[in-house]
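Visitor:
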Amino acid sequence: MGARRPGNAAAPPLGAGFWEPGGDAIHYQDGNALPDARTRFAVTMMCAPGRPMLELVDEKELAERAHLRAPRPTA
Numbered sequence: 446m447g448a449r450r451p452g453n454a455a456a457p458p459l460g461a462g463f464w465e466p467g468g469d470a471i472h473y474q475d476g477n478a479l480p481d482a483r484t485r486f487a488v489t490m491m492c493a494p495g496r497p498m499l500e501l502v503d504e505k506e507l508a509e510r511a512h513l514r515a516p517r518p519t520a
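First residue of the sequence shown: 446, per our numbering; consecutive thereafter.
(1) In chain order, what residues of the same chain lie with their CB nearer than 8 Å to the CB of T483, ignoring the 5 residues before and after it?
(2) Rounded to a whole number of angstroms, what is the C-alpha to C-alpha distance between L499 and H512?
(3) Consult DSSP for A478 and reduce its assignment to one of helix, strand or coil.
(4) Could you check whether R514 and V502 sit closer than 9 Å to each other, using their CB atoms as the reference points?
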């Protein structure tokens, strides 16, 4: 089990991967969660051989997949 960030029980263990419900990984949003230090992110991206690393989707497909993503804050 990895170490946890102090004072942030909602954070995943350091070095752990995270996924949205349904495995849908179109995009992620995040920000600096530490009040007294800068947060740094390291990302490892993998894809199937012969497939592009990044596939953009149009507005229609984005709307069709909305139920697969975690809710976003409204305020």
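A virtual CB, placed ideally from N, CA and C, is assigned to each residue, including glycine.
Guide: Walking through what the data contain:
(1) One point to set straight first is that residue 483 is Arg, not Thr, in the sequence displayed. N477, listed in sequence order.
(2) C-alpha separation (whole angstroms): 21 Å.
(3) In the structure shown, A478 falls within a coil segment according to DSSP collapsed to helix, strand and coil.
(4) Result no, Cβ atoms of V502 and R514 do not sit closer than 9 Å.
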